[in-house]
Amino acid sequence: MAGLASLTAHELGARYRDGTATPTQAVTECLARIEALDPQVRAFLTVTGEDARRRAALADARFRAGTPYGPLDGVPMAVKDLLCTRGIRTTCGSKILEGFVPPYDATVVARLFAAGAVLLGKLNMDEFAMGSSTENSGFFTTCNPWDLARVPGGSSGGASAVVAADMAPLTLGTDTGGSIRQPAAFSGVVGLKPTYGRVSRYGAIAFASSLDQIGPFARDAEDAALMLGTIAGADPMDSTAIDVPVPDYRATLGQGIDRLRLGVPAEYFTDGMDPEVEQAVRAAIATLEKLGARTEPVSMPHTEYGLAAYYVIAPAEASSNLARYDGVKYGLRATGARDLIDMYSKTRAAGFGNEVKRRVMLGTYVLSAGYYDAYYGQAQKVRTLVRRDFDRAFEKVDLLVAPTTPGVAFKMGEKADPLQMYLNDIFTVPVSLAGLPGVSIPGGFTQAGLPIGLQLIGRAFDEATLLRAAHAYQSVTDWHTRRPALQTGTADRTPR
Amino acid sequence: MAGPGPRISPGDVEHVARLARLDLSAAEKERMRTELDGILAYIDKLRALDTRDVPPTSHAVPVTNVMREDEEWPSLPQEEMLANAPDRHRDLFRVPKIIEE
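Here the protein sequences line up with chains A and B, keeping their order.
First residue of the first sequence: 1, per the working numbering; consecutive thereafter.
First residue of the second sequence: 1001, per the working numbering; consecutive thereafter.
Here it is as structure tokens:
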């Protein structure tokens, strides 16, 4: 029994308002569950119990006085360790930032605090968000709550696992090429990547600046709507956070999807995909049709080129963004260097893991003299072609529906070849290149009991329609209410 | 399309590692060469597309410069900015010597 820890944020809010539970009770139960289960799941890099109890007590007082801040007041949550938290260690999953304590909060964290939300801790991830499994974390691998021998997805795998394991109703992750949607699919939860520019990136440690976006993990569309509404909107600290109105996402959730036009992209159903995933997604499309949506096939001919373009553009941007880790102002510094450049090179060699080194090398290579036009220039042009595929599709339809990933959660160590790991992202990367919003929602389970993700893709800044369709689907299905059978106190059988 | 043979030589790896300020071991360099070669072979599929009349996309959403009023804002306190320094000397970040004697 997970008790209050198993409730959604909107259910907790209702209990706080009618006086049948308090923020302190919910936070205490979440912390107890983290203590009992996280030795198996290993989702947290840092647990901030003392700070959480302090914030919960403040929320208790606001409810007692009848003056709560809003729907997230007193709601326990946790954030990916890529988001800066003032006074709380922030590692980005990297040894190079092991001791880094930021002097400020990321805008999204500040907005959650201002809404009264209670931070439980910082979540594991692939180092610098480069990966699809958390196996690239500089510290340890998070386990999938549905099968502890499998990965939870990545890079925001800690954030998806915590929601799946009922350790918190809400978390924040980041998505550059699929790092919210893919772990949401693998962990059986809702994961929303907002439109590029919808959410401020101030205080988010940069990976690929033209692609990175912060978004929520939740157990249902309503909670995702609450979280997005809290973090979205322009910010004087991020010029790419675009000043467009943030609608009340929850207000339109229940409007249904009658006559909504859904496009089914033929290129997202490939020969190599898991037949159980295809079956589940086809069944989900039929369910959406029963709810009144009209589906039609669409063609997105450049889909197969998206991944190749992404693996030029993202590493190129990363190689530039990660130049700041030089052992001077913060983080690790290697000793015994001959001179300044030797210190940089030794520090970066000691502090970065294999995948980060690989991407920094790849990015540096594609930007280097003689290769720039052939790789980086060509990839940017292909990015335009991928975008145009979406533009054409959205002339005819309101939403696209597709699988989130070609397969389900894989076993730890199963994808040792970097390219095999990258191929996980084929259905999420094109959406990122086009800057569009996408959500993965639970869309079924395999015979073996592993979650399957259904991906909905919307027009730029139209998260409201995504959430409305997700909510309609969840009103007639129960995949999102299923929980993994985790035993507290069982012997640890996970690899270390 | 690229012809047979490796796309990236040991010399390329050496050069790129120097540009990227990564002090790689000999074993890392060799593994990096093989892995990058495999990834670049996959990326080569981009060359199959005719992009002569296609403009590049650097940002998916049109990004314009955003200006604010030229007002004084408080900066983060110097002490907090220095608190994470791996090697500090008074109010300075100390680094190994840059200029040969």
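C-beta atoms are modelled at their ideal positions from N, C-alpha and C, and glycine is treated no differently.
(request) Could you please give the first and the last residue of the uninterrupted beta strand (DSSP E) stretch that includes residue 191 of chain A? (result) 190 to 193
(message) Considering only the alpha carbon of each residue, which of A:272, A:152, A:222 and A:174 lies closest to residue 13 of chain A?
(response) A:222
(message) Here's a check: name, in chain order, each residue in its chain whose Cβ is nearer than 6 Å to the Cβ of residue 150 of chain A, leaving out the five neighbours to either side.
(response) 144, 409 and 411
(request) Would you kindly check if the distance between the Cβ of residue 123 of chain A and the Cβ of residue 165 of chain A is under 8 Å? (result) no
(request) Name the two residues that bound the continuous alpha helix (DSSP H) containing residue 343 of chain A. (result) 340 to 351
(request) Buried or exposed for residue 378 of chain A, please, with buried defined as at least 16 other CB atoms from any protein chain shown within 10 angstroms of its CB. (result) buried
(request) Can you tell me which of A:236, A:207, A:281 and A:404 puts its alpha carbon nearest to the alpha carbon of residue 1071 of chain B? (result) A:236
(request) List the endpoints of the continuous alpha helix (DSSP H) containing residue 440 of chain A. (result) Here residue 440 of chain A belongs to no alpha helix (DSSP H); instead the beta strand (DSSP E) covers 438 to 445.
(request) Reducing DSSP to helix, strand and coil, say where residue 410 of chain A ends up. (result) coil
(request) Assign residue 1001 of chain B to buried or exposed, taking buried as 16 or more other Cβ atoms, counted over all protein chains shown, within 10 Å of its Cβ. (result) For residue 1001 of chain B, the predicted structure reports a pLDDT of 39, less than 50, and the residue's modelled location is therefore unreliable. The matter cannot be settled from this model.
(request) Give the residues from the region 147 to 175 of chain A that approach chain B closer than 7 Å (Cβ to any Cβ), ordered along the chain. (result) none
(request) Hey, could you find the ends of the beta strand (DSSP E) residue 402 of chain A is sitting in? (result) 399 to 403
(request) Determine the direct distance from the alpha carbon of residue 441 of chain A to that of residue 470 of chain A, and round the result to whole angstroms. (result) 7 Å
(request) Note down the Cα distance separating residue 249 of chain A from residue 1067 of chain B, rounded to an integer number of angstroms. (result) 29 Å
(message) Quick check on this structure: which residue in A:326, A:139, A:271 and A:263 has the alpha carbon closest to the alpha carbon of residue 295 of chain A?
(response) A:263
(message) I need the straight-line Cα distance from residue 288 of chain A to residue 1016 of chain B, nearest angstrom please.
(response) 50 Å
(request) Look up residue 448 of chain A in the DSSP assignment and say whether it is helix, strand or coil. (result) coil
(request) Please confirm if the region 249 to 261 of chain A is in contact with the region 387 to 395 of chain A, defined as three or more CB-CB distances below 8 Å between the two stretches. (result) no
(request) State the DSSP-derived secondary structure class of residue 357 of chain A, mapped to helix, strand or coil. (result) helix
(message) I want to verify the contact list: residues of chain B whose CB lies under 8 Å from the CB of residue 341 of chain A, in sequence order.
(response) 1021
(request) Kindly list, in the order they appear in chain B, the residues whose Cβ is closer than 8 Å to that of residue 385 of chain A. (result) 1049, 1051 and 1054
(message) Using the three-state DSSP reduction, which class does residue 479 of chain A fall into: helix, strand or coil?
(response) helix
(request) Starting from residue 1068 of chain B, find everything on chain A with Cβ-Cβ shorter than 8 Å and list it in chain order. (result) 236
(request) Just mark residue 326 of chain A as buried or exposed, buried being the case when its beta carbon has 16 or more other beta carbons within 10 Å. (result) buried
(message) With a threshold of 8 Å between beta carbons, is residue 357 of chain A in contact with chain B?
(response) yes
(request) Look at residue 443 of chain A and residue 146 of chain A and say whether their C-beta atoms are less than 8 Å apart. (result) no
(request) Can you give me the Cβ contacts of residue 230 of chain A inside the same chain, cut-off strictly under 7 Å, excluding the 5 residues immediately before and after it? (result) 72, 111, 112 and 115
(message) So for residue 214 of chain A, helix, strand or coil by DSSP?
(response) strand
(request) Would you tell me roughly how many angstroms separate the C-alpha atoms of residue 49 of chain A and residue 75 of chain A, rounded to the nearest one? (result) 14 Å
(message) So if I threshold CB-CB distances at 8 Å, which residues from the region 186 to 209 of chain A count as touching chain B?
(response) 195, 196 and 197
(request) Taking residue 329 of chain A as the reference, give the member of A:46, A:101, A:8 and A:54 with the closest Cα. (result) A:101
(message) At a CB distance below 8 Å, what residues from the region 1080 to 1096 of chain B approach chain A? Give them in sequence order.
(response) 1080, 1081, 1083, 1084, 1085, 1086, 1087, 1093, 1095 and 1096
(request) Verify whether the separation of the beta carbon atoms of residue 121 of chain A and residue 47 of chain A is less than 8 Å. (result) yes
(message) Which residues does DSSP list as the beta-bridge partners of residue 296 of chain A?
(response) A:263
(request) Could you round the C-beta distance between residue 201 of chain A and residue 163 of chain A to whole angstroms and report it? I think they count as a contact, below 8 Å. (result) Not quite, the Cβ-Cβ distance comes to about 22 Å (not below 8 Å), so this is no contact.
(request) Tell me, please, whether the CB atom of residue 103 of chain A is closer than 8 Å to any CB atom in chain B? (result) yes
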